[in-house]
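Comments concern the structure below.
Residue numbers (this note's numbering): 6 to 175.
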């Protein structure tokens with residue numbers, strides 16, 4: 006019965022705010038399919054966490070922040086995919102050609118790693134992104150975040166372990 010109430014609340018919330026969120030995103034995107042994808046991801050995140058429906062005080066700022074995070078996650082994922090494709094292309098030209106099946110498997114693995122990173126807590130996500138994608142050393146990450154190097158190492162271990170566990174369970 007409670008689940009039905011949550012779905013009813015979500016349905017009402019969705020219909021109240023869909024138009025506003027679409028208009029807000031259309032200021033930044035011209036492609037309606039991109040807007041629809043971001044809206045879908047934004048509301049999907051909300052429906053997965055029923056407690057959010059009672060915690061949201063002001064829907065518009067919350068939706069805007071969540072949509073911005075979705076945009077950042079998509080940009081990060083696209084960057085990872087492009088870097089990976091460039092690496093594959095580079096390997097191909099150096100004589101380390103992969104088969105189409107290996108390429109598909111590698112892309113799926115990259116996608117799963119990206120999804121795992123997206124599900125990390127904020128600080129481990131930030132640390133693993135800074136270390137592996139931006140190439141920042143652990144010492145410099147510690148300085149930027151005002152943390153100890155041991156804390157950065159612990160966050161990296163936590164993030165890598167989580168990603169490894171996520172991949173082993175697919």
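Even for Gly, the Cβ is constructed at its ideal location relative to N, Cα and C. These figures come from a predicted structure and were not determined experimentally.
Which two residues bound the contiguous alpha helix (DSSP H) that contains residue i?
| i | result |
| --- | --- |
| residue 35 | Where residue 35 is concerned, there is no enclosing alpha helix (DSSP H), given that its DSSP letter is neither H nor E. |
| residue 1 | Given a span of 6 to 175 for the chain in the structure shown, any question on residue 1 remains unanswerable. |
If you measure between the beta carbons of residue i and residue j, is that distance less than 9 angstroms?
| i | j | result |
| --- | --- | --- |
| residue 160 | residue 133 | yes |
| residue 33 | residue 77 | no |
| residue 74 | residue 138 | no |
| residue 51 | residue 15 | yes |
| residue 44 | residue 23 | yes |
| residue 104 | residue 72 | no |
| residue 119 | residue 146 | no |
| residue 135 | residue 148 | no |
| residue 40 | residue 117 | no |
| residue 20 | residue 55 | no |
| residue 125 | residue 163 | yes |
| residue 18 | residue 64 | yes |
Exercise. Would you check if the segment 123-140 and the segment 156-169 touch, i.e. whether three or more CB-CB distances between them fall below 8 angstroms?
Key: yes
Exercise. Tell me the start and end of each unbroken alpha helix (DSSP H) in the segment 102-148 that is at least 4 residues and wholly inside, in chain order.
Key: 105-123 and 127-133
Quiz item: Does the pairing of the segment 149-163 with the segment 103-114 give three or more beta-carbon distances under 8 angstroms?
Solution: no
Quiz item: Any chance the segment 20-30 sits against the segment 58-73, with 3 or more Cβ pairs inside 8 angstroms?
Solution: yes
Quiz item: Taking the runs of the alpha helix (DSSP H) that are 4 residues or longer, which of them lie wholly in the segment 44-92?
Solution: 57-60
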